[in-house]
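> First the structure, then my questions, so here it is.
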(Lines of atoms letter the chains of each structure in order from A; the text may use other names.)
(Lines give C-alpha, C1' and ligand atoms only; values in the text may rest on other atoms or scores of the structure.)
Protein backbone atom coordinates (compact mmCIF):
# COMPACT_ATOMS: atom_id res chain seq x y z
CA UNK A 375 0.00 0.00 0.00
CA UNK A 376 1.60 3.25 -1.15
CA UNK A 377 0.10 6.65 -0.33
CA UNK A 378 0.95 10.10 -1.65
CA UNK A 379 0.49 13.63 -0.37
CA UNK A 380 0.70 16.54 -2.79
CA UNK A 381 0.80 19.77 -0.83
CA UNK A 382 2.48 22.36 1.33
CA UNK A 383 5.68 22.25 3.34
CA UNK A 384 6.17 25.09 5.83
CA UNK A 385 8.28 26.15 8.76
CA UNK A 386 6.11 27.50 11.58
CA UNK A 387 7.96 30.29 13.41
CA UNK A 388 6.17 30.90 16.71
CA UNK A 389 6.84 33.74 19.12
CA UNK A 390 5.29 34.01 22.62
CA UNK A 391 4.46 37.52 23.83
CA UNK A 392 2.50 38.99 26.74
CA UNK A 393 -0.19 40.02 24.24
CA UNK A 394 -0.77 40.63 20.53
CA UNK A 395 1.02 43.88 19.53
CA UNK A 396 -1.00 46.88 18.39
CA UNK A 397 -0.37 48.68 15.12
CA UNK A 398 3.08 50.31 15.19
CA UNK A 399 3.96 48.78 18.56
CA UNK A 400 7.08 46.86 19.52
CA UNK A 401 6.88 44.18 22.22
CA UNK A 402 9.49 41.88 23.67
CA UNK A 403 8.96 38.19 22.94
CA UNK A 404 9.70 35.45 25.46
CA UNK A 405 11.09 32.81 23.12
CA UNK A 406 10.95 31.70 19.51
CA UNK A 407 10.49 28.21 18.06
CA UNK A 408 10.87 26.83 14.54
CA UNK A 409 8.43 23.96 14.14
CA UNK A 410 7.82 21.76 11.06
CA UNK A 411 4.44 22.52 9.50
CA UNK A 412 2.35 22.94 6.38
CA UNK A 413 -0.87 20.95 6.04
CA UNK A 414 0.61 18.67 3.41
CA UNK A 415 3.72 17.82 5.41
CA UNK A 416 1.67 17.41 8.59
CA UNK A 417 -0.64 14.89 6.93
CA UNK A 418 2.28 12.96 5.44
CA UNK A 419 3.94 12.69 8.86
CA UNK A 420 0.66 11.57 10.44
CA UNK A 421 0.37 8.79 7.85
CA UNK A 422 3.97 7.65 8.28
CA UNK A 423 3.64 7.58 12.09
CA UNK A 424 0.68 5.23 11.60
CA UNK A 425 2.84 2.84 9.59
CA UNK A 426 2.00 3.87 6.02
CA UNK A 427 4.37 3.86 3.07
CA UNK A 428 3.94 7.52 2.11
CA UNK A 429 5.69 9.92 -0.24
CA UNK A 430 5.47 13.71 -0.04
CA UNK A 431 5.33 15.79 -3.22
CA UNK A 432 5.89 19.53 -3.09
CA UNK A 433 8.56 22.23 -3.17
CA UNK A 434 11.00 23.82 -0.73
CA UNK A 435 13.63 26.51 -1.14
CA UNK A 436 17.39 26.05 -1.12
CA UNK A 437 17.61 27.54 2.37
CA UNK A 438 18.12 26.35 5.94
CA UNK A 439 14.37 25.95 6.50
CA UNK A 440 14.04 23.76 3.43
CA UNK A 441 16.91 21.56 4.58
CA UNK A 442 15.36 21.31 8.05
CA UNK A 443 11.91 20.40 6.69
CA UNK A 444 13.31 17.69 4.40
CA UNK A 445 15.32 16.23 7.28
CA UNK A 446 12.23 16.20 9.49
CA UNK A 447 10.13 14.39 6.87
CA UNK A 448 12.81 11.75 6.37
CA UNK A 449 13.27 11.23 10.10
CA UNK A 450 9.54 10.57 10.32
CA UNK A 451 9.68 7.95 7.58
CA UNK A 452 8.25 10.04 4.72
CA UNK A 453 9.83 9.58 1.28
CA UNK A 454 11.07 12.88 -0.20
CA UNK A 455 12.74 11.78 -3.45
CA UNK A 456 10.57 14.02 -5.67
CA UNK A 457 10.30 17.13 -3.53
CA UNK A 458 11.75 19.91 -5.66
CA UNK A 459 14.42 22.17 -4.13
CA UNK A 460 14.15 25.59 -5.78
CA UNK A 461 17.16 27.86 -6.14
CA UNK A 462 16.62 31.44 -4.98
CA UNK A 463 13.16 30.73 -3.51
CA UNK A 464 12.38 30.68 0.22
CA UNK A 465 10.70 27.74 1.89
CA UNK A 466 7.14 28.50 2.98
CA UNK A 467 6.86 30.00 6.45
CA UNK A 468 4.07 30.81 8.89
CA UNK A 469 4.93 33.60 11.36
CA UNK A 470 2.80 33.09 14.46
CA UNK A 471 2.54 35.48 17.42
CA UNK A 472 0.92 33.94 20.50
CA UNK A 473 -0.44 36.06 23.35
CA UNK A 474 -3.46 36.30 25.67
CA UNK A 475 -4.64 32.82 24.59
CA UNK A 476 -4.93 34.06 21.01
CA UNK A 477 -2.67 34.39 18.00
CA UNK A 478 -1.98 36.21 14.76
CA UNK A 479 -0.58 34.37 11.75
CA UNK A 480 1.12 35.64 8.61
CA UNK A 481 1.74 32.98 5.97
CA UNK A 482 4.41 33.51 3.32
CA UNK A 483 3.81 30.68 0.78
CA UNK A 484 7.28 30.85 -0.77
CA UNK A 485 8.11 27.60 -2.57
CA UNK A 486 4.56 26.30 -2.06
CA UNK A 487 3.43 28.71 -4.81
CA UNK A 488 5.73 26.81 -7.17
CA UNK A 489 3.82 23.54 -6.84
CA UNK A 490 2.47 24.31 -10.30
CA UNK A 491 0.90 22.30 -13.10
CA UNK A 492 4.35 22.03 -14.70
CA UNK A 493 5.66 20.44 -11.48
CA UNK A 494 2.65 18.11 -11.51
CA UNK A 495 3.58 17.05 -15.05
CA UNK A 496 6.99 16.01 -13.68
CA UNK A 497 5.58 13.88 -10.85
CA UNK A 498 2.38 12.39 -12.28
CA UNK A 499 4.14 9.22 -13.43
CA UNK A 500 5.00 8.58 -9.77
CA UNK A 501 1.43 9.28 -8.62
CA UNK A 502 0.25 6.49 -10.94
CA UNK A 503 1.97 3.96 -8.67
CA UNK A 504 0.04 5.11 -5.58
CA UNK A 505 -3.04 3.54 -4.02
CA UNK A 506 -4.43 6.84 -2.73
CA UNK A 507 -3.61 10.56 -3.00
CA UNK A 508 -4.31 13.17 -0.32
CA UNK A 509 -4.59 16.90 -1.14
CA UNK A 510 -5.17 20.22 0.65
CA UNK A 511 -5.46 23.81 -0.60
CA UNK A 512 -2.19 25.47 0.46
CA UNK A 513 -0.75 25.08 -3.05
CA UNK A 514 -2.15 26.65 -6.26
CA UNK A 515 -5.74 25.50 -6.73
CA UNK A 516 -5.24 24.80 -10.43
CA UNK A 517 -2.67 22.18 -9.40
CA UNK A 518 -5.05 20.68 -6.84
CA UNK A 519 -7.78 20.41 -9.49
CA UNK A 520 -5.31 19.00 -12.02
CA UNK A 521 -4.31 16.22 -9.62
CA UNK A 522 -7.99 15.45 -8.91
CA UNK A 523 -8.74 15.20 -12.63
CA UNK A 524 -5.72 12.95 -13.18
CA UNK A 525 -6.55 10.63 -10.28
CA UNK A 526 -10.17 10.38 -11.39
CA UNK A 527 -9.09 9.44 -14.90
CA UNK A 528 -6.59 6.85 -13.63
CA UNK A 529 -8.96 5.35 -11.05
CA UNK A 530 -6.80 6.40 -8.09
CA UNK A 531 -8.83 7.24 -4.95
CA UNK A 532 -8.31 10.88 -3.99
CA UNK A 533 -9.15 12.81 -0.81
CA UNK A 534 -9.38 16.60 -0.72
CA UNK A 535 -9.12 18.31 2.65
CA UNK A 536 -10.38 21.76 1.51
CA UNK A 537 -8.29 23.92 3.84
CA UNK A 538 -7.81 26.81 3.78
CA UNK A 539 -11.45 26.99 2.65
CA UNK A 540 -12.55 28.27 -0.73
CA UNK A 541 -15.29 27.41 -3.17
CA UNK A 542 -14.69 24.03 -4.76
CA UNK A 543 -16.16 23.66 -8.28
CA UNK A 544 -18.89 21.04 -8.53
CA UNK A 545 -17.05 19.27 -11.35
CA UNK A 546 -14.11 18.81 -8.96
CA UNK A 547 -16.31 17.56 -6.11
CA UNK A 548 -17.88 15.03 -8.47
CA UNK A 549 -14.45 13.57 -9.25
CA UNK A 550 -13.34 13.21 -5.62
CA UNK A 551 -13.49 10.00 -3.62
CA UNK A 552 -13.81 11.97 -0.37
CA UNK A 553 -14.18 15.64 0.59
CA UNK A 554 -13.33 16.34 4.25
CA UNK A 555 -14.21 19.91 5.32
CA UNK A 556 -14.73 21.00 8.89
CA UNK A 557 -18.01 22.61 9.98
CA UNK A 558 -16.80 26.09 9.00
CA UNK A 559 -15.28 25.11 5.66
CA UNK A 560 -18.45 23.29 4.58
CA UNK A 561 -20.37 26.58 4.80
CA UNK A 562 -17.77 28.40 2.70
CA UNK A 563 -17.95 25.67 0.06
CA UNK A 564 -21.70 25.05 -0.08
CA UNK A 565 -23.23 28.15 1.55
CA UNK A 566 -26.00 28.23 4.15
CA UNK A 567 -29.06 27.49 1.98
CA UNK A 568 -28.79 23.74 2.43
CA UNK A 569 -28.55 22.08 5.84
CA UNK A 570 -25.72 19.83 6.97
CA UNK A 571 -28.06 16.83 6.94
CA UNK A 572 -29.18 17.58 3.38
CA UNK A 573 -25.59 17.98 2.24
CA UNK A 574 -24.54 14.68 3.78
CA UNK A 575 -27.45 12.92 2.06
CA UNK A 576 -26.58 14.59 -1.24
CA UNK A 577 -23.03 13.21 -1.09
CA UNK A 578 -23.31 9.81 0.64
CA UNK A 579 -19.97 8.20 1.51
CA UNK A 580 -18.15 11.15 -0.09
CA UNK A 581 -18.70 14.17 2.16
CA UNK A 582 -17.09 13.74 5.58
CA UNK A 583 -17.66 16.70 7.92
CA UNK A 584 -15.40 17.10 10.94
CA UNK A 585 -16.87 18.99 13.89
CA UNK A 586 -14.20 19.14 16.57
CA UNK A 587 -15.58 18.07 19.94
CA UNK A 588 -18.84 16.96 18.28
CA UNK A 589 -17.06 14.29 16.26
CA UNK A 590 -17.28 13.55 12.55
CA UNK A 591 -20.36 12.89 10.39
CA UNK A 592 -21.01 11.03 7.15
CA UNK A 593 -24.02 9.61 5.33
CA UNK A 594 -23.91 5.93 4.40
CA UNK A 595 -25.20 4.66 1.06
CA UNK A 596 -28.36 3.39 2.77
CA UNK A 597 -29.22 6.99 3.75
CA UNK A 598 -28.28 6.62 7.43
CA UNK A 599 -26.31 9.55 8.84
CA UNK A 600 -23.60 8.41 11.22
CA UNK A 601 -21.79 10.68 13.68
CA UNK A 602 -18.68 9.24 15.29
CA UNK A 603 -18.31 10.96 18.68
CA UNK A 604 -15.00 12.53 19.63
CA UNK A 605 -12.84 10.84 22.26
CA UNK A 606 -12.38 12.85 25.44
CA UNK A 607 -8.85 14.21 25.56
CA UNK A 608 -6.59 16.07 27.96
CA UNK A 609 -6.03 18.83 25.43
CA UNK A 610 -2.64 20.56 25.32
CA UNK A 611 -2.66 21.85 21.73
CA UNK A 612 -5.24 21.32 18.97
CA UNK A 613 -2.84 22.36 16.18
CA UNK A 614 -2.62 19.59 13.60
CA UNK A 615 -5.59 17.57 14.89
CA UNK A 616 -7.43 17.96 11.58
CA UNK A 617 -4.30 16.96 9.67
CA UNK A 618 -3.94 13.87 11.86
CA UNK A 619 -7.56 12.93 11.24
CA UNK A 620 -7.18 13.25 7.47
CA UNK A 621 -3.94 11.30 7.40
CA UNK A 622 -5.34 8.53 9.59
CA UNK A 623 -8.55 8.35 7.56
CA UNK A 624 -6.56 7.97 4.33
CA UNK A 625 -4.38 5.23 5.83
CA UNK A 626 -7.32 3.15 7.02
CA UNK A 627 -9.43 3.57 3.87
CA UNK A 628 -6.45 2.52 1.76
CA UNK A 629 -6.02 -0.48 4.10
CA UNK A 630 -9.57 -1.63 3.34
CA UNK A 631 -11.46 -0.56 6.46
CA UNK A 632 -15.14 0.27 6.21
CA UNK A 633 -15.99 3.98 6.26
CA UNK A 634 -17.16 3.90 9.89
CA UNK A 635 -14.15 1.84 11.02
CA UNK A 636 -11.77 4.28 9.34
CA UNK A 637 -13.49 7.30 10.90
CA UNK A 638 -13.46 5.75 14.40
CA UNK A 639 -9.72 5.14 14.03
CA UNK A 640 -9.11 8.64 12.63
CA UNK A 641 -11.13 10.28 15.39
CA UNK A 642 -9.05 8.57 18.08
CA UNK A 643 -5.80 9.44 16.31
CA UNK A 644 -6.82 13.11 16.08
CA UNK A 645 -7.82 13.16 19.75
CA UNK A 646 -4.50 11.67 20.85
CA UNK A 647 -2.64 14.27 18.79
CA UNK A 648 -4.09 17.09 20.89
CA UNK A 649 -2.51 15.81 24.10
CA UNK A 650 1.00 17.00 23.18
CA UNK A 651 2.39 20.28 21.85
CA UNK A 652 2.91 21.02 18.16
CA UNK A 653 1.19 20.03 14.94
CA UNK A 654 3.42 16.97 14.49
CA UNK A 655 4.68 16.55 18.05
CA UNK A 656 1.63 14.67 19.29
CA UNK A 657 0.83 12.56 16.24
CA UNK A 658 0.35 8.97 17.47
CA UNK A 659 1.65 5.63 16.27
CA UNK A 660 -0.64 2.84 15.06
CA UNK A 661 -0.09 0.88 18.27
CA UNK A 662 -1.12 3.88 20.39
CA UNK A 663 -4.36 4.26 18.43
CA UNK A 664 -5.16 0.55 18.63
CA UNK A 665 -4.49 0.55 22.38
CA UNK A 666 -6.93 3.42 22.84
CA UNK A 667 -9.57 1.81 20.59
CA UNK A 668 -9.50 -1.31 22.76
CA UNK A 669 -10.42 0.62 25.91
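Numbering (our numbering), first residue to last: 375 to 669. Note that the Cβ used here is the ideal one computed from N, Cα and C, for glycine as well. What you are looking at is a predicted structure, and each value in this text was computed from that prediction instead of being measured.
Where residue 417 and residue 447 are concerned, what is the direct C-alpha to C-alpha distance, given to the nearest angstrom?
In a straight line, the C-alpha of residue 417 is about 11 Å away from that of residue 447.
> Taking the alpha carbon of residue 491 as the point to measure from, which residue in 380, 628 and 613 has its own alpha carbon closest?
The option with the nearest alpha carbon to residue 491 is 380.
> Suppose contacts are defined by Cβ-Cβ distances below 9 Å. Is residue 466 in contact with residue 451 by that definition?
No; because the gap between Cβ atoms is not below 9 Å, this pair is not in contact.
> Put residue 504 into one of helix, strand or coil per three-state DSSP.
Residue 504: coil per DSSP, three-state reduction.
> Going straight from the alpha carbon of residue 392 to that of residue 585, what length do you get?
Their Cα atoms are separated by approximately 31 Å.
> If I follow the unbroken alpha helix (DSSP H) through residue 367, where does it start and stop?
Examination of residue 367 is not possible in this model, given that the chain is present from 375 through 669 alone.
> Can you tell which of 404, 399, 413 and 460 has the C-alpha that lies nearest to the C-alpha of residue 435?
Among 404, 399, 413 and 460, the Cα nearest to that of residue 435 is on 460.
> Below 8 Å on the Cβ atoms is my contact criterion, and I expect residue 533 with residue 624 to pass it. Report the Cβ-Cβ distance as a whole number of Å.
The pair is a contact, with the Cβ atoms about 6 Å apart (cut-off 8 Å).
> Using the DSSP secondary-structure output, state which residues sit across from residue 556 in a beta bridge.
Beta-bridge pairing links residue 556 to 584.
> Which whole-angstrom value describes the C-beta separation of residue 477 and residue 469, a residue pair presumed to lie in contact below a C-beta threshold of 8 Å?
Not really, about 10 Å apart at Cβ, beyond 8 Å.
> If you run the structure through DSSP and keep just helix, strand and coil, what is residue 430?
It is a strand residue.
> Please report the distance separating the alpha-carbon of residue 377 from that of residue 618.
So the two alpha carbons sit approximately 15 Å from each other.
> Under 8 Å, with one C-beta from each stretch per pair, do the region 394–410 and the region 485–505 reach the 3-pair mark?
Output reads no: the region 485–505 does not touch the region 394–410.
> Under 8 Å, with one C-beta from each stretch per pair, do the region 515–531 and the region 640–656 reach the 3-pair mark?
The region 515–531 vs the region 640–656: no contact.
> For residue 438, is the classification buried or exposed, using 16 other Cβ atoms within 10 angstroms of its Cβ as the cut-off for buried?
Exposed.
> Report buried or exposed for residue 552, applying the criterion of at least 16 other Cβ atoms within 10 angstroms of its Cβ.
The residue is buried, with at least 16 neighbouring Cβ atoms inside 10 Å.
> DSSP has residue 387 in a bridge; who is on the other side?
Bridge partners of residue 387: 408 and 469.
> Have a look at the DSSP bridge pairing and note the partners of residue 477.
Bridge partners of residue 477: 472.
> Where do the ends of the alpha helix (DSSP H) carrying residue 397 lie?
Careful: residue 397 lies outside any alpha helix (DSSP H) and carries neither H nor E.
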